[in-house]
Structures are given as structure tokens and as C-alpha cells.
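Using UniProt numbering, read the sequence shown as starting at 1 and increasing by one per residue. Beta carbons are placed, not taken as given, at the ideal position from N, Cα and C, and that holds for glycine.
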Amino acid sequence: MSLRRETSSLERQDRLGEEPSGSLTVESLICRLSAKMLLRRETSSLEPGVTWAKPTATKLHQLWSIFIKPGLARKRNTRGITLETSENIFHIFNYLGSKNFQGKLFAEIRGRIKEDDISAPLRKGRYYYYKKTLEGKEYVQYCRRLISENQKVPSVYDTMPTGPEAPQEHIILDENIKAQNHQYYSIGAFQVSPNNKLVAYAEDTKGNEIYTVYVIDAETQTPIGEPLLGVTSYLEWAGDDALVYITMDEILRPDKVWLHVLGTEQSNDTCLYVEKDDTFSLDLHASESKQYLFVASESKNTRFNFYLDVLKPEEGLKILTPRVDGIDTTVSHRGDHFFIKRRSDQVFNSEVVVCPVDNTSSATVLLPHREDHLVAYERENGVQKITVHHLPPIGESLKSLQEGQTVPFIDPIYSVYSSQSEFSSSILRFSYSSLKTPPSVYDYDMKAGISVLKKIDSVLGGFDGTRYVTERKWAPALDGTLIPISIVYRKDLVKLDGSDPLLLYGYGSYEACIEPGFKSSRLSLLDRGFIYAIAHIRGGGEMGRQWYENGKLLKKKNTFTDFIASAEYLIENKFCSTEKLCIDGRSAGGLLIGAVLNMRPNLFKAAIAGVPFVDVVTTMLDPTIPLTTSEREEWGDPRKEEFYFYMKTYSPVDNVKAQSYPHILVTAGLNPRVMYSEPAKFVAKLRDIKTDDNILLFKCELGAGHFSKSGFEKLQEDAFIYTFIFKALNLTSVIESSDA
């Protein structure tokens, strides 16, 4: 049931550092608040299930704060989940009421997918490896074929034979079989042993990012040994008979590196390293040469590296780049050299240095600030580019780089990232897409300078990329900084007179770059006259390291004002109006949405906050919550007074006001990154305080994690969200035409 309370009472705080005077002690205030929360209004049986629990008081920085956690209506189940299913029943039956339209959207989104398809094959040793999907099946098959004798020399023009005379296809792993009887299924790692005889894969069946590792014979699928339990998705081979993996501590921080020898018990595995500093987390990757494994320990502004010689695992980890506060290093290997990308306060946008394998303390700068090739992924004005530099033969001195060759692309804004390539060849494989170009895989001949398209995802339903326009606009922020905005729309449907509906997405945290890539389900909006835009706000990394630094800690509110400035720019320049603007963000992007809703609720018609991080101060005060200690370098440490009061000014839960809010959809899931209690608390407080009767939906997925559902259910989620957008923007004619 929904509960009411007086805002002034709940938010009462005593800044004198003493208990409130007279008869109103902290204890009595809590009792009063608890009594208020026992009051009930007459409601229907479908009233939402999120309510308030008994408040508690905490004294910090000479300030009494009343903390209230959501009390969730109970449902019995074997996992002890206490989330009432009436919350989900409520939003389905009481608000959306457009089941036919949602079903049509789902069929439309799924209908664009070529269900019987294969990925671009990748050469590895004697085999082509690839993934395959089948019509009517939700998950992929991992497959391989032998390489024909006449295809031994790699070429960008290689094609994998599939005819009757081609080597037989062999299915290594079928996710469709493995996913049976699971609501959620995801493969986090799929690693083939160097001799191509074994496969190790990590699976998650709950969405909580805690994996179980299985080793199987690649030909027979026979299990090898017992599974490894409770590990992360960081998994690599150390030779043909050993694995290196990472586990987490009690707050789900990757903190230990282990060496497992096949055929032995997990309890006998060797611990190679323990990261005791709880502000640091570990990750693991193999060099493309497969000669070394690299273990990195990183906080939000520092990253240092170890290496393991896979031929001499008994020697353990060795330091490659030392731990120095403020220096961030990423490493790779070629021949007798390690390559290191290094960033520091003095070198904000990174430099590339090289050092001999046998003398890691001797480093030479190859690419200053600002087999026989070095590939650099760079950014210019927020747009990615690939530059290829030629290197001398292995064994010759390596002191400087020649001027590089840039790979050309056709779209003005796009997304490009490296894909796994065969290390010994001169072929670079990369993946490319744009807001109007489906995901594509290219092989680039670094000697000839030629790109060859190997695979482009098919988009069914008559998709024609030439009907869409992509643009880059620049919105002035409060301090004059220009904020890049990526835009796409269908040129024959929009008017650009302010009447078009627009969905604006934002993130702006962790130096993450939100790339302008393709999403086929988004066509269900674009083909109905929507404009889609991404605001590349500060706190992200699109414009370099300084862009990130100016959107974190005590400059975090730049992220929110940048997003507001982007929305105002789009309205002022007739891309949309306030009545046709919906905003969207997920996780830290959900924090963004919560913050701007409190700051400028009248600027937007609707908002979507996906698994939002909205109780910033409370979470950062609790070291038992996953990620808290390491993320204090991102948000600040509220145990320090300066950060506490600054964070209080934007934390969404702490800034809900008695004002009118737009239509809002909040989602949550069972995941360790943002606990479902955070968005539940935000929703409960909004329901208690806001003065409007607009839609406020809370949708919690008990079978999904932080990264949403798996399989076709992910498409159903898109259909649900799009239905909310159409209804919230009052585009009822679109819905009614489908429901007729």
C-alpha cells in the first residue's frame, strides 16, 4: 500500500550536533514517523507494493539524518526474495493497458532479426571459430571448422567454405541446451586452449555475475575435471593444462588471482595474488601472442600491472608497471617487447611506451602525449579513429614510430572497436557500426591499406540505412563548454519544427564512452517519427581524460547541468518540445535521470531510470555494499564533510521535492551493482511526496541482473519500455491504431 507522510517531519535534521531539544528526541521522532507510516489510505487491491519501513537515525558531521529504507510487501519463496509481485501486476494492468501494442512491438523487433545466422569466422590455428544462431532459438551455438589445406596463408579475402565438400561443422557448445530450465543464461567467457583441444567457459544462470567455470573436450564435449565455483568472468589459459581465474570477496570485489591445474581440486589451487586494498579491483587478460597473461589492479585513477609467463607459471606474477598513485597503465606484448599505454596527471590523454621483456624498467616513448604494426585507437573531437603505425622487424631496436596511416570510415559519427585477430598475421580485424549502420566486421590489411567487409548484421523488414540521417551537434553548457550530441532520425518522417518526439539518452560516469552505435529495436521508434539523441556529457570519456575529471567528485553536478543544457539545446533548435521529450539512463545514467528530474522536472514529459544508482550518500557510507569502497574515488567519500554535503545536494533520494514530476518508469533487478532497494526507496519517496498524478511505474525483474534479461526476453523489455514512451508522450493514435 502507498503511505503518506509530512515531508518536513521526515527530512528534519538538527545541524547543532545535539539531539533535538524538548520532548522531540531522535527516538521520539522515529516513533512519530513510524506511527505516521502505519496510516493507510483506502486503495484498490492493485496498489503498488513499495512502502516505508521503520526509520533509523544516524549522526554524521554534526548532523542528525533520518534514514528510511523501503519495506517491501512480502512474497514467500525459497530464495527469500521479499519483493511483492503486485508491484509488477500493478504497472501492467493499471497503467499500460496496451497489451496488443506491446505484443506488436515485440513481434516487430524480433522480426528484424535474422535468426538463422553466423558470425564472421575467426582463424585460430587449424580452425575457423564462429557463433551460429538458429531460427526460433534464443541463444547461440559455438562452432568450428577445420581450415582447408589451400587456405593456410591468412588473407583479408578469406572465406570459410560451407558447401558439401567443406570440412564438417562441429558444434562445441549449444547455449540453447545449457539455458534450459533457467530464467537467465549468459556465457561470460569462452576460451579455447592453445592446442585447440579443450574449451573453458564461464556461465551465469542468475544474472548476479557470479560464474561457474566448466572445461570440456572441444570434440566430444566430455567434461574435464570438476567445475570451478564462485568465480568471475576473468578466465584465461596458462598453457594447455592450466587456467588462471579471479574470485571476489564478500562485497563482490575481484580480489584474488588463482592458478588451477586441470585434474586437481579447486581447493588445491594456487593463489597468485591478493589485492588487500579494498579501493582496488583486479582484472585479467591474455596477450594476443598468448605468451603472457596480464593481471591489472585498478582503482578509479590508478592502474598497475603484473605479468605471468605461461611457459613458466611456477615463477608466479612479476611486476610490469609499478603501483604509483595517479598513474594508469594498460599493457600488451609483441616479440621481445612489452607495449604500455600510460596516463598520468601530466599526460592526460596517454602516451605509448615500450620496454624490453628482460628489462621492464627501461622504457622508451613511442607515441608521445597527444608482427610489424602498432594499432592505436584514438579520439578526435569525441569521434574514434584507428591509426596504424609500422614497426621494424622483431629483434631490431624500437625507439620511435613513423607517421601512422588512418583507417577511413564513411559515417560522420560511428562506433569502432577491436576484435580478436590472428596475432601472427598482418590483418587487423575490427567491428564497426553507426546510428544508421548495422554492426559490421572488417579485416584490414595493414600492409596494403585495404579494408574488406567480412560480415554485416542483416536487418529484416525492409531496412534501408540511406533513409536515416546522423548528425553531431554541440550544446553550450552553463560554463560555455560545448557538449557533443549524437543524433539520428528518419529524414522522410521528421519535421524538425519542434513537434517531433525525441528520446534523449545520457550516462556521464566512470570515463565511459557512449558510442553512437546501432540498435535494431530502436527502429521501432525511428520508423514512427522519433528522433534519438545521445548527450556525451562530462563524466564520460568521449572528449578525453579532462572531460571525465570535470564530471566526477566535487564537479559531479556538471554531468547533470550538461544534460539539462543538451535538452534545452534540442528544444530551442526545434528537434522537439518539452511535451515530446523523454529522457533515458541506466545505472549511473539512472542517477543522472533522478538528479535532473529533481532539478528540472518541468523540462521533460517522461523519464526512464534503469536500475538507477539513486541513494548515493547512504550507499557510499556502507562499506558492506558491493563496489562502495572502490567507488569513493568516483563519487567522493561522505565520511568527509566536504563530500557529504556536496553529494547531498544531488543524490536523487535526498532531493525529492513536493513538486510535479513527469511520467516516470523505474526498473530494478537482482544484481550486486545497484541493489533493488535503492530504486524501490526512490519510488516510494516519489509516491509519498510528489504532487502530480502522472504515471510512476516500478518494474523489478527477479530473473535478471544489472545488464537486463537474456534471450528473447530482452526484446520484450524493449517493447515494454517503448510502449511506456508512446503512452507517456501521449502518442495514443499510434497505440490505438495497433490495438484496433
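Cβ neighbours of residue i in the same chain (closer than 8 angstroms, five flanking residues each side left out)
i    : result
G465 : K436, T437, P438
E226 : E265, Q266
S630 : R253, D278, T279, F280, S281, S299, K300
Buried versus exposed call for residue i [16 or more other C-beta atoms within 10 Å across all chains shown]
i    : result
N602 : exposed
D220 : Note that residue 220 is Thr in the sequence shown, not Asp. Exposed.
G207 : buried
N573 : exposed
K99  : exposed
G636 : buried
F645 : exposed
G610 : buried
Y569 : buried
D116 : exposed
T302 : buried
Q180 : exposed
E175 : buried
K491 : exposed
P516 : buried
A107 : exposed
K454 : buried
R639 : exposed
D718 : buried
G449 : exposed
E149 : exposed
K556 : buried
Short Cβ contact (7 angstroms threshold) for residue i with residue j
i           : j    : result
residue 742 : V231 : Outside the shown range of the chain (1 to 740) lies residue 742, about which nothing can therefore be said.
V295        : F306 : yes
H333        : S287 : yes
A200        : G188 : no
T723        : Q102 : yes
Y468        : I531 : no
D615        : E678 : yes
A238        : V310 : yes
D313        : L259 : Here residue 313 turns out to be Pro, not Asp, going by the sequence shown. Result yes, Cβ atoms of P313 and L259 sit closer than 7 angstroms.
D249        : D241 : no
R528        : V388 : no
P167        : R145 : yes
A658        : I689 : yes
T360        : K385 : no
Endpoints, alpha helix (DSSP H) assigned at residue i
i    : result
D562 : 557-572
G589 : 588-599
E219 : Careful: E219 lies outside any alpha helix (DSSP H) and carries neither H nor E.
N100 : 99-111
L435 : First-last for L435: undefined, no H or E at that position.
Q266 : No alpha helix (DSSP H) holds Q266; DSSP gives it neither H nor E.
M647 : 641-648
S332 : Where S332 is concerned, there is no enclosing alpha helix (DSSP H), although the beta strand (DSSP E) it sits in stretches over 328-334.
The beta strand (DSSP E) enclosing residue i, as first and last residue numbers
i    : result
V656 : Run containing V656: none; DSSP gives neither H nor E here.
L453 : 450-456
K276 : Run containing K276: none; DSSP gives neither H nor E here.
A475 : 468-476
A719 : Looking at the DSSP string, A719 is not in any beta strand (DSSP E); the run it does join, the alpha helix (DSSP H), is 713-728.
A189 : 186-192
Residue from the options with nearest C-alpha to residue i
i           : options                : result
T279        : V352, P501, T628       : T628
G585        : I224, A189, G506, A728 : G506
L252        : A242, A238, S281       : S281
S566        : Y548, I625, I485, L523 : I485
S297        : D445, E641, T321       : T321
residue 782 : G594, F518, W474, T578 : Since the first residue shown for the chain is 1 and the last is 740, residue 782 is missing from the structure and cannot be characterised.
T561        : Y650, S148, E378       : Y650
T329        : T406, S299, L317       : S299
M675        : K131, T624, F643, S630 : T624
T619        : G335, L591, L597, E149 : L591
Same chain, Cβ closer than 6 angstroms to residue i, neighbours up to 5 away in sequence not counted
i    : result
V352 : K341, L366, L367
V459 : R112, P438, S520
E11  : Residue confidence for E11 is low, a pLDDT of 32 falling below 50, so the modelled location carries little weight; the figure read from the coordinates is stated next. Closer than 6 angstroms at Cβ, skipping near neighbours: no residue.
L665 : I608, L697, F724
Q346 : none
R600 : I564
Interface flag, residue i vs chain C, CB-CB below 7 angstroms
i    : result
N195 : The structure shown contains no chain C; it holds only a single protein chain.
Own chain partners of residue i with C-beta closer than 7 angstroms, once the 5 adjacent residues on each side are dropped
i    : result
L729 : P501, K580, C582, K605, A606
K648 : V617, D654
L493 : G529
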